[in-house]
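Report on one structure; see the data block that follows.
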Amino acid sequence: MTRAVDVVVIGSGVAGLSTALGLAATRDVLLLSAGDGSTPWAQGGVSAAYGEDDPLDHWRDTDIAGAEFCDPRNVRALVEEGPQRVAELIAHGARFDRNADGSLSRTLEGGHSRPRIVHAGGDATGAEVHRALRIALQRTGVRTMSGRTVGLVQSDSGSIVGVLVQTDGHVTQIDARAVVLATGGIGNAYLASTNPSAVRGDGIALALRAGASLVDMEFVQFHPTALHTGETSGQLPLVTEAVRGEGAVLLDAHGNRIMDGLHPRADLAPRDVVARAIEATMRRDGTDHVWLDATGVAPDVIRRRFPTVLASCARIDVDMVSEQIPVAPAEHFLCGGVRTDRNGATDVPGLYAVGEVAATGVHGANRLASNSLLEGLVFGRRVATALTLDLPAVDHGRTHEVSPGEDREPERIRSILTRYAGIRRDGASLNAAADELDALGNGPLATVARSVIVAATARQDSRGCHWRSDHPHSDKRWDDHIVVHLDAEDRPTTRHLQRSEV
Ligand SMILES: Cc1cc2nc3c(=O)[nH]c(=O)nc-3n(C[C@H](O)[C@H](O)[C@H](O)COP(=O)(O)OP(=O)(O)OC[C@H]3O[C@@H](n4cnc5c(N)ncnc54)[C@H](O)[C@@H]3O)c2cc1C
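According to our numbering, the residues represented by the sequence shown are 1 to 502, in order.
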């Protein structure tokens, strides 16, 4: 059975919902989803510089956290358009936490020079953003469909003209003049991640297979403080950075402050710095976690601001009001992704990408806290505006299907990526990873894993969340971006791209 719409949006997180909402009045849109992604799990908040805060300061904090590897024009779009998008979200009914005088409550997180993070339900911001966008979209009558997109339909001249969706064992083709990937990050390509299981990098594999290129895939962000539950696979609960924003501190096994003297912002240093410090501490002490001490934070602040974290801790019998919390870094966010322009267009006509799956350069080498929901809101609207102004022409040519197929040994792929492409990497282990992946086919997880490995192998310096112990310093000679594309045998391979070309 074949159906036809103007635009198919794949993914119902903040980016997909924002895109579909922005298109609802002008285009026939279908929103596809394989279940909830990361959005409803987001805790800390959305960053927005308004009032006495200056978007330029937000720009600077973003670039510093991103190891000065950000795309300056796109960061400018993010910080300047962000407050308006947050205001619209409020107009759609999102209820952010407010102070007694009615003003928005704003908190501080790592890497921010001032409190500019708005939040909802204490630490349940993503759920509220998701709820408000879903209800706003329902009101527009945009159609939605559950199912996993397993392939794209491509005209022989190269344009993407449809998708293949699997529901209950059946595959349906839906024709479209534009397809927007809003499929989130790659969490489930690792053994353990803060992301839910629907987030597995399908969009990355689909885009590559269609001939699009990826960029900055070596920059995989590890959140410093996932709750150490004892589980080593699946989705791990997060302890939001905002807990440190309210005064909690990281301690080693002997009770010493970990971040003392390591960075001027100490426990509120950018994520990559804190994650590396924790990794080094665990290696030195031979432990699999460190401690986050929030006992100095007033109990009423903890109960009001962090009900989600409080409940997660209670499930492992830790009372965060009076006891230290066991934490360890875990895979959290993909800073790179499908290479796009500022309006979500990829290298392939008819194919767009937005949100965590896309690489617009706003995160540079390391994402600033609470900039990701904002990215979905801002760039979702930009893609919608672009597709309202210009929809690709109908391509009546012959078509073929592109699909990464299925993975033969997904758990083996996950463990290879986890072992060799964690916080700390080196050339020898990356080569070993490439060898081990060689035998594991070209399925979606294998494609994602190889893309990270080849990019991390190619970048022979350390910056942001890419830390090579054999090349421990940032080196100007590596100021290029690493682009990943498929070779003639459908294997990810790399080339360098000068920063001015991005
Ligand atoms: C625990 C946690 C806390 C976080 N806290 C914050 C925070 O406080 N502030 C912040 O800014 N960011 C935070 N983040 C990051 C942020 O939540 C995500 O980066 C952001 O929500 C990604 O949005 P998205 O729309 O791009 O993708 P997602 O919300 O991940 O949605 C992806 C969608 O794509 C769909 N999908 C994937 N593959 C397919 C397929 N093959 N077919 C059909 N559908 C598919 C999924 O079903 C899902 O609907 C947090 C993330 C986590 C995991």
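Backbone N, C-alpha and C fix where the C-beta goes; we use that ideal spot for every residue, glycine too.
According to the DSSP assignment, Met320 belongs to no beta strand (DSSP E), since it is labelled neither H nor E.
Sequence-distant Cβ neighbours of Val402 in its own chain, meaning closer than 7 Å and more than five residues away, are Gly151, Leu152, Gln154, Arg209, Ala210. Looking at the DSSP output, Val153 sits in a beta bridge with Gly162, Glu401. Here Ala428 has no same chain residue with a Cβ atom under 7 Å from its own Cβ, once five neighbours each way along the sequence are excluded. For Glu331, the beta-bridge partners assigned by DSSP are Ser193, Phe222. At a Cβ-Cβ threshold of 8 Å, Val309 and Met320 count as neighbours.
Remark: C-beta atoms of Ile117 and Ala242 approach each other more closely than 8 Å.
Taking 4 residues as the shortest admissible run, the region 275-313 contains the following complete alpha helix (DSSP H) segments, listed from N- to C-terminal end: 299-305. Residues Arg342, Thr360, Gly361, Val362 of the same chain have their beta carbon placed closer than 8 Å to that of Asn74, with the five preceding and five following residues left out of the count.
Excluding sequence positions up to five before and after His485, its CB lies within less than 6 Å of the CB of Ser213, all in the same chain and listed in chain order.
Apart from the 5 residues on each side of it in sequence, Val215 sits with its Cβ closer than 6 Å to the Cβ of Gly336, Arg339, Ala359, His481, Val483 in its chain, given in chain order.
In this model, Leu236 and Gln43 are separated by some 13 Å (Cα to Cα). The C-beta distance from His223 to Ala330 rounds to 6 Å, short enough to fall under 8 Å. With fewer than three CB-CB distances shorter than 8 Å, the region 160-171 does not count as touching the region 289-302.
Ligand 1 approaches Phe333 closely enough that one of its heavy atoms is under 7 Å from the residue's Cβ. Per the Cβ contact rule, the region 183-198 is not in contact with the region 385-404 (fewer than 3 Cβ pairs under 8 Å). Secondary structure note for Thr447: its alpha helix (DSSP H) is the uninterrupted segment 444-458.
Nearest C-alpha to Asp71 among Asp479, Asp487, Ala488: Asp479. Under a 10 Å Cβ-count criterion, Ala393 is classified as exposed, with fewer than 16 other Cβ atoms of the shown protein chains found around its own Cβ. Apart from the 5 residues on each side of it in sequence, Ala15 sits with its Cβ closer than 6 Å to the Cβ of Ala182, Val354, Gly355, Gly376, Gly380 in its chain, given in chain order.
Cβ neighbours of Gly93 within its own chain (closer than 8 Å, five residues either side excluded): Ala132, Ile135, Ala136. For Asp202, the enclosing alpha helix (DSSP H) stretches over residues 202-209. Per the coordinates, the alpha-carbon of Arg414 lies some 10 Å from the alpha-carbon of Gly187. Residues Met259 of the same chain have their beta carbon placed closer than 6 Å to that of Ala266, with the five preceding and five following residues left out of the count. The DSSP-derived three-state label of His112 is coil. With fewer than 16 other CB atoms across the displayed protein chains lying within 10 angstroms of its CB, Asn256 is exposed. The nearest non-hydrogen atom of ligand 1 is 7 Å or more from the C-beta of Glu246. Within the same chain, and ignoring the five residues on either side of Asp272 in sequence, the residues whose Cβ sits closer than 6 Å to its Cβ are Asn366, Gly464, Cys465. By the Cβ-count criterion, Ile90 is exposed, with fewer than 16 other Cβ atoms from all chains shown falling within 10 Å of its own Cβ. In the displayed model, Pro40 falls within a helix according to three-state DSSP. Here Trp467 is actually not in contact with Arg419; their C-beta atoms are around 15 Å apart, not less than 8 Å.
For Asp438, the enclosing alpha helix (DSSP H) covers residues 427-438.
One thing to note: Gly364 has its Cβ no nearer than 8 Å to the Cβ of Asp97. Secondary structure of Gln324 (DSSP, three-state): coil.
A direct Cα-Cα distance of roughly 17 Å separates Leu108 from Gly66. Pairing Thr149 with Leu206 gives a Cβ-Cβ distance under 8 Å.
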